[in-house]
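J.:
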Amino acid sequence: MSSSEEDFSRNVFINCPFDPEYVPLLRSLLFTVIFVGYNPRIASERFDSGEARISKICDLIKCSRYSIHDISRIQSSRRGEYYRLNMPLELGIDIGCRLASKGILQSKTCLILEKDKYRYQKALSDLSNSDIKSHNNDPETLVFQVRNWFTELGLRNVPSATKIWERFNEFMADFFEARERDGYQDRDLEFMPVPEYMDFVKEWITENIRQVK
Amino acid sequence: MIVHGKILGRKRAREGLKMPKRSASSSPKTERVHVISRKDGWAVKKEGNTKASKLFDKKEAAVEGARKLSKGHDIIVHKKDGSIQKWERPEKKA
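Going down the list, the protein sequences come from chains R and L. Under the working numbering, the first residue of the first sequence is numbered 1, with each subsequent residue one higher. Under the working numbering, the first residue of the second sequence is numbered 1001, with each subsequent residue one higher.
Encoded structure:
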């Protein structure tokens, strides 16, 4: 297997909201994907004002065998707020890429996450016959769903979802303690770029998990 | 425009990111006791153990259980999202 094929088979395109309310879910999602040995690819992983966002997203979709699409923001949360269309758009591009391509891209596989189990059918009825998983805006449930999805795809020898959730909590303790020691303030954490967070996760897992697992 | 019920507001979501105030010293990692959210309640787990020591229905009871188990070491109380609500460190003897 060439290195690009190997990267392709380990890459997981993450299509999710980037609002502050989603941060706790995003943190547990990225932790779980890295914990089970995969490589999250996310639009916010690099920032180049000269790069068209849609081109970047298409590149990420094409280089990822797996995708996780969280469409839980298809309903607005308060009066006057727009519902989000980016996630359904990117989900459509991903499915289109799989259906319209030949070769390795036909092996693409995706997980669709929603807040509730059946709500999406009202807004995205074309997906009515698709299997999706719900997380109820709960990070623990999200860890369970994502971990179990990987095992349903054939991944074996992976710790239980409960164990991963416990490890995530232990990571959060070390994460906050180390960042505080390094002089990080609340707003540094609030606006921490995703690549920086992912580097912390990878470093922690290398130091604390790989030898224990 | 579809509007559904209450979700976490921005201010409350930000609170989950705040660092708890605590003293400078800390227990070795293997001695720390965590209070962790579980679907069916709250678990008390000593770091390094393979299983949680005990499960509680209420968080307050879990924190009390953690205090009994900690034997003078750090207790880390987590929020439902895994972030830190409170970090209890034992007083250092002079």
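Positions of the beta carbon are idealized from the N, C-alpha and C atoms, including for glycine.
1) Quick one: Cα of R/P20 to Cα of R/S64, how far?
2) Mark R/R46 as exposed unless 16 or more other C-beta atoms lie within 10 angstroms of its C-beta, in which case mark it buried.
3) Below 8 angstroms between beta carbons is the criterion; list the residues of the segment 192 to 213 of chain R that meet it against any residue of chain L, in chain order.
4) Within the 8 angstroms Cβ cut-off, does L/K1086 reach chain R?
5) Where do the ends of the alpha helix (DSSP H) carrying R/T162 lie?
6) I need the straight-line Cα distance from L/K1068 to L/S1053, nearest angstrom please.
7) Since L/E1041 meets chain R, which of its residues come closer than 7 angstroms, beta carbon to beta carbon?
8) Assign R/V158 to one of three DSSP states: helix, strand, or coil.
9) Measure how close the beta-carbons of R/Y82 and R/Q75 come, nearest whole angstrom, since I'm counting them as under 8 angstroms.
10) Assuming contact is defined by CB atoms lying nearer than 8 angstroms, are R/F168 and R/V194 in contact in what I supplied?
11) Looking at the C-beta of L/I1081, does it have a partner C-beta in chain R at a distance below 8 angstroms?
12) Are the segment 58 to 72 of chain R and the segment 102 to 116 of chain R in contact at 8 angstroms, needing three or more beta carbon pairs?
13) I'd like to know whether the C-beta of R/F47 is nearer than 8 angstroms to at least one C-beta of chain L.
14) I need the straight-line Cα distance from R/N39 to L/D1057, nearest angstrom please.
15) Quick one: what's got a C-beta closer than 7 angstroms to L/K1021's C-beta in the same chain, skipping five residues either side?
16) Can you name the start and end residues of the alpha helix (DSSP H) that L/V1063 belongs to?
17) Nearest-angstrom Cα distance between R/N11 and R/C58?
18) Residues of the segment 1062 to 1073 of chain L in Cβ contact with chain R at a cutoff of 9 angstroms, in chain order, please.
19) For R/I34 and R/M198, which I take to be in contact (beta-carbon distance under 8 angstroms), what is that distance rounded to the nearest angstrom?
20) How long is the line joining the alpha carbons of R/N208 and L/K1029, rounded to whole angstroms?
21) Let me check understanding here. Comparing Cα to Cα, which of R/D70, R/E5, R/C16 lies closest to R/R119?
22) Using the C-alpha atoms, what's the distance from R/P24 back to R/Y184?
23) Just the Cα atoms here: how many angstroms apart are L/K1051 and R/N129?
24) Excluding sequence positions up to five away, which residues of its chain have a Cβ less than 6 angstroms from the Cβ of R/L111?
25) So with Cβ pairs under 8 angstroms, would you call L/E1031 a contact of chain R?
26) Here's the rule: buried if 16 or more other CB atoms are within 10 angstroms of the residue's CB, otherwise exposed. What is R/I42?
27) Run through DSSP, which three-state label would L/T1050 get?
28) Spell out whether any CB of chain L is found under 8 angstroms from the CB atom of R/A178.
29) Rounded to whole angstroms, what's the CA-CA distance from R/S134 to R/E140? Just pull it up for me.
30) So which residues on chain R does L/E1047 lean against when the C-beta distance must stay under 8 angstroms?
31) Given this structure, state the Cα-to-Cα distance separating L/R1038 from R/A100, to the nearest angstrom.
32) Do we get a CB-CB distance below 8 angstroms when we pair L/S1037 with the residues of chain R?
T.: Reading from the atomic positions:
1) 26 angstroms
2) exposed
3) none
4) no
5) 161 to 181
6) 11 angstroms
7) Here residue 1041 of chain L turns out to be Gly, not Glu, going by the sequence shown. By Cβ distance, chain R contributes nothing, its closest Cβ being about 12 angstroms from L/G1041, past 7 angstroms.
8) coil
9) The Cβ separation is near 11 angstroms, so there is no contact.
10) no
11) Note on residue identity: the sequence assigns Asp, not Ile, to residue 1081 of chain L. Yes, contact with chain R.
12) yes
13) no
14) 36 angstroms
15) Residue placement at L/K1021 is flagged as unreliable, the pLDDT there being 46, under the threshold of 50; the coordinate-derived value follows with that caveat. Nothing meets the Cβ criterion.
16) 1059 to 1070
17) 14 angstroms
18) none
19) 7 angstroms
20) 11 angstroms
21) R/D70
22) 18 angstroms
23) 39 angstroms
24) I68, W149
25) no
26) buried
27) coil
28) no
29) 12 angstroms
30) E170
31) 42 angstroms
32) yes
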